[in-house]
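Given below as structure tokens:
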């Protein structure tokens, strides 16, 4: 909710925060349909820009021509949020103002609870002065950033002094294009090196996984008294003497056949280098019943005894 002159401040102690105001240029002069489109586009942009921040470290307020984001996570987080918004704006005529100062809760009978304070008011003033695509920061924001992140403060260059209608002077800072380009180049080089390392690790991991996936599984056979080994319909040999086989990882159908008994059939799914043992004992064939001798058998025995 936007602060208004009618809002009543509560008795709570003000908190120091960085405030980023995102203002749509000449919003009130645009047709209603275009206003609705631009507002919807801004809401999407703000939602994406605040995503890296914890919910407890930021508050989003609606303003008549844009939005304000109060960042409690420090000026560096606020600057990075503003940069994300500036990059994502694309064709959105976005003016950005940044300040660091006190804010406090305030209430309004019709609008509910919101925030007021110099931290918010000056940000709105700077956003009103900025041109589309430009980021303006106050001296207070620059000094707070220098205290928390000196390297990022060097990206802000002086842009003169602006005097508002209330005859208040505002010392302005903008993102220095040269410093920003150099920083982006450093980030790009670091990012490229990181990507190269990640790609290299990914390739190495794929090579390792491919090699691991190609390592065969081993099947050990302990078959009694014996059986013919058939894997995926192909006869591989008789066990014993066959004691083990290497097979490719994955699903297989294994059969152990013994003509005198029903076959043993197994469906397995083997991992690389997995070792499994198949133990099975087929029933021994029943011995043939003794055959009683016929007269011919007695005759043949008698002739053998006589040597005939």
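Numbering (my numbering), first residue to last: 182 to 489. Virtual Cβ for every residue (Gly too), placed ideally from N, Cα, C.
Residue pairing for residue 436: DSSP places it in a beta bridge opposite 411 and 446. Setting aside the 5 residues that flank it on each side, residue 402 is surrounded in the same chain by 410, 420, 423, 424, 425 and 459, each with a C-beta closer than 7 Å to its C-beta; the list follows chain order. Between residue 335 and residue 256, the gap from beta carbon to beta carbon reaches 7 Å or more.
Here residue 238 really is in contact with residue 252; their C-beta atoms are around 7 Å apart, less than 8 Å. Judged by their CB atoms, residue 219 and residue 205 are nearer to each other than the 7 Å cut-off.
Within the DSSP bridge table, the entry for residue 318 names 279 and 354 as partners.
Per the DSSP secondary-structure output, residue 404 pairs in a beta bridge with 461. For residue 305, the closest alpha carbon among the candidates 258, 246, 271 and 273 is that of 246. For residue 219, the uninterrupted alpha helix (DSSP H) segment begins and ends at 213-231. Judged by their CB atoms, residue 328 and residue 281 are not nearer to each other than the 7 Å cut-off. In the three-state scheme derived from DSSP, where H, G and I count as helix and E and B as strand, residue 420 is classed as strand.
Contact annotation: residue 341 and residue 317 have beta-carbon atoms that are not nearer than 7 Å.
Around the beta carbon of residue 380, fewer than 16 other beta carbons lie within 10 angstroms, which makes this residue exposed. Between the alpha carbons of residue 200 and residue 453 lies a gap of roughly 57 Å.
It is roughly 9 Å from the alpha-carbon of residue 319 to the alpha-carbon of residue 355.
Relative to the Cα of residue 270, the nearest Cα in the group 224, 307 and 437 belongs to 224. Taking each of 196, 485, 408 and 207 in turn and checking the Cα distance to residue 276, the smallest one comes out for 207.
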